[in-house]
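Peer 1: Below is a structure I'd like to ask you about.
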Amino acid sequence: MERIFTYIAALFTRLLFCLHAIAMIYWLVTLKQDRMYFLFLLLLVALLVETIITVGFRKGHEYSWFCPSMFLYLMTMIPCDWIAKIEVLDCVASSNDASSTCITAVNETEEIFQFLQGINITDDERLLYTMEQALVLILVIGRWLLPKGGISRDQLSQLLLIYIGTAADIMEFTEIIKEDDIRKTNPKMLQNHHFVNAVILFWSVSLFQFPLTIYAMERSAQRLEKEKAELEERLRKVKEEKDFRRRRNQVAPSPALYIYKKDQSREYKEKEEIRVRYIQSKSGLEIKPVMTSVTSMDEEEAATHASRGRCNRCWKRFTQGVDNFAGKMKDYTELVSLLIPMLMQDGPFLVIRLIVIAYYQIYHDTLYFLTVKNALVVMLQVYRIFVLYYKPPEEDIDDFFPDSDGSHRLNNVQTAIKSVQHTRLALSLVSRLQQQAKWRRKRSLNSGRFKVKRPSHDPKDTDSKKDDMP
């Protein structure tokens, strides 16, 4: 049942994307009176291919950090919205009244005109902003309906809350060129095509935050806690396994020892075989079977097998590269989640609003509030990055405890006095040892002078003594 719901959610969300994109393209053709814009329907072919891959091969499961269906939907909608907005704003800027409306001449027999009459939309500008609001809402609802993929329900709810706040900020950004008060204050603003293109560009870039689900990925602290819990669970299992083996060996030592030696011998044989194969492959001594005859069919099969092996190797390398990139992204999840809104939304929005206030001298209470809000968000994001990735050096205690300076000096004086006393004792001991050494040397010299010579036992002396005797 869950798999069926996954299929239905994936198909329904992509069908919603396609229907809104087709309606936008049809209205653009009606606005421009040119059927060439139907070529934008070719971009939906990529969305169809992605649907087949996701539903057919991946069984409806989405990617954990990127949503390709939303990306392709935006790639279809943003060019159409860009062309329609420039057309409508040129019409408004060319008129004398800033609050005038631009109505498209559409045949009343067409179904699109009857639909627009039903919702009471009489000008192109209102219809354009209605389509933009529907675009943002469909992005939020589509992310809600799409399968979760690799993210949990908690992460999905957090992601949806972030998307709602982002959508509100994005829709407020278009108030710069939409408000009648701003247009009346400085009508030349809409006539500046560079400024209008910059506003539309930054608005379009900010929409590409929705395909990225990097906000829902685990933070570094959560991931470390999870890895720590997994390691503790593994250690517990290893310890239990060791205890079980120890008990089993105590009950029946001889079979367990036999099995252990057998496993060791088997592993040794496998390692030896692998080593021999590696040496043979390195030295070119691979033993190949002798084939008596090779037919053409065998050659074709060998060629197809080799080509399939190459394709498989290339695909494995690609998947390994994607996995490595995703693994590196996980290490910097918090940094990326802070840089994406700062570079794609808050930073550009702040620059545009400051230009409107400083250059065009437009004074509006809502504009001031949104400008201050963007500035605060950018400062907080920079501060958050600084806190996460800057480690200050260890600070001295005296900076925080100035009253302890006297105690530290007293301790230093006491240690100095003790060291002086120790040196005096050492010097006195050395002097005593030197005096004792001198006294012993003098004593040895004096004892050598008064030493009595012993009589020698020379035979000549004995003979002379005998002759002298009477």
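Under the UniProt record's numbering, the first residue of the sequence shown carries the number 1, and numbering increases by one thereafter.
Glycine included, each C-beta is placed from N, C-alpha and C at the ideal position.
Just so we're clear, the structure is a prediction, and the values are computed from it rather than from any experiment.
Around the C-beta of residue 85, are 16 or more other C-beta atoms found within 10 angstroms, so that it is buried, or is it exposed?
Peer 2: Sequence index remark: in the sequence shown, residue 85 carries index 85 (1-based). Residue 85 comes out buried.
Peer 1: Below 8 Å on the Cβ atoms is my guess for residue 197 versus residue 360; work out the distance and round it to an integer in Å.
Peer 2: One-based indexing of the sequence shown puts residue 197 at position 197. One-based indexing of the sequence shown puts residue 360 at position 360. About 16 Å; that fails the 8 Å criterion.
Peer 1: Tell me which same chain residues have a C-beta within less than 8 Å of the C-beta of residue 3, skipping the five on either side of it?
Peer 2: Along the sequence shown, one-based indexing puts residue 3 at 3. Hits under 8 Å: 59, 60.
Peer 1: May I ask you to report which of helix, strand or coil DSSP gives residue 212?
Peer 2: As a first step, residue 212 is located in the sequence shown; it is residue number 212 there, counting from the start. The answer is strand: DSSP assigns residue 212 an E or B state.
Peer 1: Do residue 31 and residue 124 have their C-beta atoms closer together than 8 Å?
Peer 2: As a first step, residue 31 is located in the sequence shown; it is residue number 31 there, counting from the start. As a first step, residue 124 is located in the sequence shown; it is residue number 124 there, counting from the start. Taking 8 Å as the Cβ cut-off, residue 31 and residue 124 qualify as a contacting pair.
Peer 1: Can you list, in chain order, the residues of its chain with a C-beta nearer than 6 Å to that of residue 291? Leave out the 5 residues immediately preceding and following it.
Peer 2: For this step, residue 291 is matched to residue 291 along the sequence shown. Since pLDDT at residue 291 reaches only 44, below the 50 mark, its modelled position is unreliable, and the value read off the structure follows with that caveat. Same-chain partners within the cutoff: there are none.
Peer 1: Would you check if the segment 171–191 and the segment 363–374 touch, i.e. whether three or more CB-CB distances between them fall below 8 Å?
Peer 2: With a cut-off of 8 Å, the segment 171–191 and the segment 363–374 count as touching, because enough Cβ pairs lie within range.
Peer 1: Cβ atoms of residue 29 and residue 37: under 8 Å apart, would you say?
Peer 2: Within the sequence shown, the letter at position 37 stands for residue 37. Within the sequence shown, the letter at position 29 stands for residue 29. Contact: yes.
Peer 1: Rounded to whole angstroms, how far is the Cβ of residue 9 from the Cβ of residue 146, which I believe are closer than 8 Å?
Peer 2: In the sequence shown, residue 9 corresponds to position 9, counting from 1. In the sequence shown, residue 146 corresponds to position 146, counting from 1. Their Cβ separation, rounded to whole angstroms, is 6 Å, which keeps residue 9 and residue 146 in contact under 8 Å.
Peer 1: Quick one: measure Cβ to Cβ for residue 68 and residue 40, integer angstroms, because I've assumed they're closer than 8 Å.
Peer 2: Within the sequence shown, residue 68 is the residue found at index 68, counting from 1. Within the sequence shown, residue 40 is the residue found at index 40, counting from 1. That pair is no contact at about 18 Å.
Peer 1: Give me the residue from 144, 94, 171 with the minimum Cα distance to residue 191.
Peer 2: Within the sequence shown, numbered from 1, the residue matching residue 191 stands at position 191. Selected option, being the one with the closest Cα: 94.
Peer 1: Which same chain residues end up closer than 7 Å to residue 200 when comparing Cβ atoms and leaving out the 5 residues on each side of it in sequence?
Peer 2: For the purposes of this step, residue 200 is taken as the residue at position 200 of the sequence shown. Excluding positions up to five away in sequence, the list reads 82, 85.
Peer 1: Taking Cβ positions, are residue 16 and residue 165 nearer each other than 8 Å?
Peer 2: The residue labelled residue 16 in the question sits at position 16 within the sequence shown. The residue labelled residue 165 in the question sits at position 165 within the sequence shown. It is not a contact, given that the beta carbons lie outside the stated cut-off.
Peer 1: If you measure between the beta carbons of residue 344 and residue 209, is that distance less than 8 Å?
Peer 2: Residue 344 sits at position 344 when you count from the first residue of the sequence shown. Residue 209 sits at position 209 when you count from the first residue of the sequence shown. In contact: residue 344 and residue 209 (Cβ atoms closer than 8 Å).
Peer 1: With a threshold of 8 Å on Cβ separation, who are the neighbours of residue 353 within its own chain once the five nearest residues in sequence on each side are excluded?
Peer 2: By one-based count along the sequence shown, residue 353 stands at place 353. If we look at residue 353 and ignore the five residues flanking it on each side, its Cβ neighbours are 176, 367, 370, 371, 374.
Peer 1: Would you say residue 136 and residue 170 are within 8 Å of each other, going by their C-beta atoms?
Peer 2: Residue 136 sits at position 136 when you count from the first residue of the sequence shown. Residue 170 sits at position 170 when you count from the first residue of the sequence shown. Cβ atoms of residue 136 and residue 170: closer than 8 Å.
Peer 1: Would you please state the rounded distance, in angstroms, between the beta carbons of residue 47 and residue 19? I believe it to be under 8 Å.
Peer 2: Taking the sequence shown and counting its residues from 1, one reaches residue 47 at position 47. Taking the sequence shown and counting its residues from 1, one reaches residue 19 at position 19. Their Cβ separation, rounded to whole angstroms, is 12 Å, which puts residue 47 and residue 19 out of contact at 8 Å.
Peer 1: Look at the Cβ atom of residue 387, then the Cβ atom of residue 347, and state whether they are nearer than 8 Å.
Peer 2: Walking along the sequence shown from the start, residue 387 turns up at place 387. Walking along the sequence shown from the start, residue 347 turns up at place 347. The answer is no: Cβ separation not under 8 Å.
Peer 1: Quick one: Cα of residue 207 to Cα of residue 5, how far?
Peer 2: Taking the first residue of the sequence shown as 1, we reach residue 207 at position 207. Taking the first residue of the sequence shown as 1, we reach residue 5 at position 5. Residue 207 and residue 5: Cα-Cα distance of roughly 28 Å.
Peer 1: From this set, 158, 180, 320, 425, which residue's C-alpha is nearest residue 363's C-alpha?
Peer 2: Along the sequence shown, one-based indexing puts residue 363 at 363. Per the Cα distances, 180.
Peer 1: Quick check on residue 439: buried or exposed, where buried means 16 or more other Cβ atoms within 10 Å of its Cβ?
Peer 2: Mapped onto the sequence shown, residue 439 falls at position 439. By the neighbour-count rule (16 or more Cβ atoms within 10 Å), residue 439 is not buried but exposed.
Peer 1: Could you check what DSSP says for residue 287 in three-state terms: helix, strand or coil?
Peer 2: Locating residue 287 in the sequence shown gives position 287, counting from the first residue. Because residue 287 carries a pLDDT of 44, less than 50, the predicted location of this residue cannot be relied on, and no value is offered for it.
Peer 1: Spatial neighbours of residue 160 within its chain, please: C-beta separation below 8 Å, excluding the five flanking residues on both sides.
Peer 2: For the purposes of this step, residue 160 is taken as the residue at position 160 of the sequence shown. Closer than 8 Å at the Cβ level, and outside the excluded window around residue 160, lie 140, 143, 144.
Peer 1: Considering only the beta carbon of each residue, do residue 70 and residue 43 sit closer than 8 Å?
Peer 2: Your numbering for residue 70 matches position 70 in the sequence shown. Your numbering for residue 43 matches position 43 in the sequence shown. No, Cβ-Cβ distance for residue 70 and residue 43 is not below 8 Å.
Peer 1: Where DSSP assigns a beta bridge to residue 66, which residues make up the other side?
Peer 2: For this step, residue 66 is matched to residue 66 along the sequence shown. Looking at the DSSP assignment, residue 66 forms a beta bridge with 212.
Peer 1: Who are the near neighbours of residue 167 in its chain, counting only those whose CB is closer than 8 Å to its CB and skipping five residues on each side?
Peer 2: Here residue 167 refers to the residue found at position 167 of the sequence shown. These residues qualify, in order along the chain: 136, 137, 139, 140.
Peer 1: Out of 356, 338, 172, 332, state which residue places its alpha-carbon closest to the alpha-carbon of residue 384.
Peer 2: Indexing the sequence shown from 1 puts residue 384 at position 384. Closest option to residue 384, Cα to Cα, is 338.
Peer 1: Alpha carbon to alpha carbon, how far is residue 163 from residue 233?
Peer 2: Sequence index remark: in the sequence shown, residue 163 carries index 163 (1-based). Sequence index remark: in the sequence shown, residue 233 carries index 233 (1-based). One C-alpha to the other measures close to 36 Å.
Peer 1: Would you tell me roughly how many angstroms separate the C-alpha atoms of residue 128 and residue 311, rounded to the nearest one?
Peer 2: Locating residue 128 in the sequence shown gives position 128, where the first residue counts as 1. Locating residue 311 in the sequence shown gives position 311, where the first residue counts as 1. Rounded to whole angstroms, residue 128 to residue 311 spans 47 Å at the Cα level.
Peer 1: Return the CA-CA distance between residue 252 and residue 231, expressed in angstroms with no decimal places.
Peer 2: As a first step, residue 252 must be located in the sequence shown, where it is residue number 252. As a first step, residue 231 must be located in the sequence shown, where it is residue number 231. Any reading at residue 252 is ruled out, since the residue's pLDDT is 46, under 50, leaving its predicted position unreliable.
Peer 1: Could you tell me the alpha carbon to alpha carbon distance between residue 204 and residue 342, rounded to whole angstroms?
Peer 2: On the sequence shown, position 204 is the one that residue 204 refers to. On the sequence shown, position 342 is the one that residue 342 refers to. In a straight line, the C-alpha of residue 204 is about 15 Å away from that of residue 342.
Peer 1: Quick one: grab the DSSP three-state call for residue 146.
Peer 2: Here residue 146 corresponds to residue number 146 of the sequence shown, with the count starting at 1. It is coil, neither helix nor strand.
Peer 1: Could you check what DSSP says for residue 14 in three-state terms: helix, strand or coil?
Peer 2: Within the sequence shown, the letter at position 14 stands for residue 14. Three-state result, residue 14: helix.
Peer 1: Would residue 240 be called buried (16 or more neighbouring beta carbons within 10 Å of its own) or exposed?
Peer 2: Within the sequence shown, residue 240 is the residue found at index 240, counting from 1. The residue is exposed, with fewer than 16 neighbouring Cβ atoms inside 10 Å.
Peer 1: Counting along the chain, where does the alpha helix (DSSP H) carrying residue 197 start and finish?
Peer 2: Residue mapping note: residue 197 aligns to position 197 of the sequence shown, counting from 1. 193–207 is the span of the alpha helix (DSSP H), which, as asked, contains residue 197.
Peer 1: Alpha carbon to alpha carbon, what distance is there between residue 64 and residue 212?
Peer 2: Residue mapping note: residue 212 aligns to position 212 of the sequence shown, counting from 1. Residue mapping note: residue 64 aligns to position 64 of the sequence shown, counting from 1. Roughly 9 Å separates the two Cα atoms.
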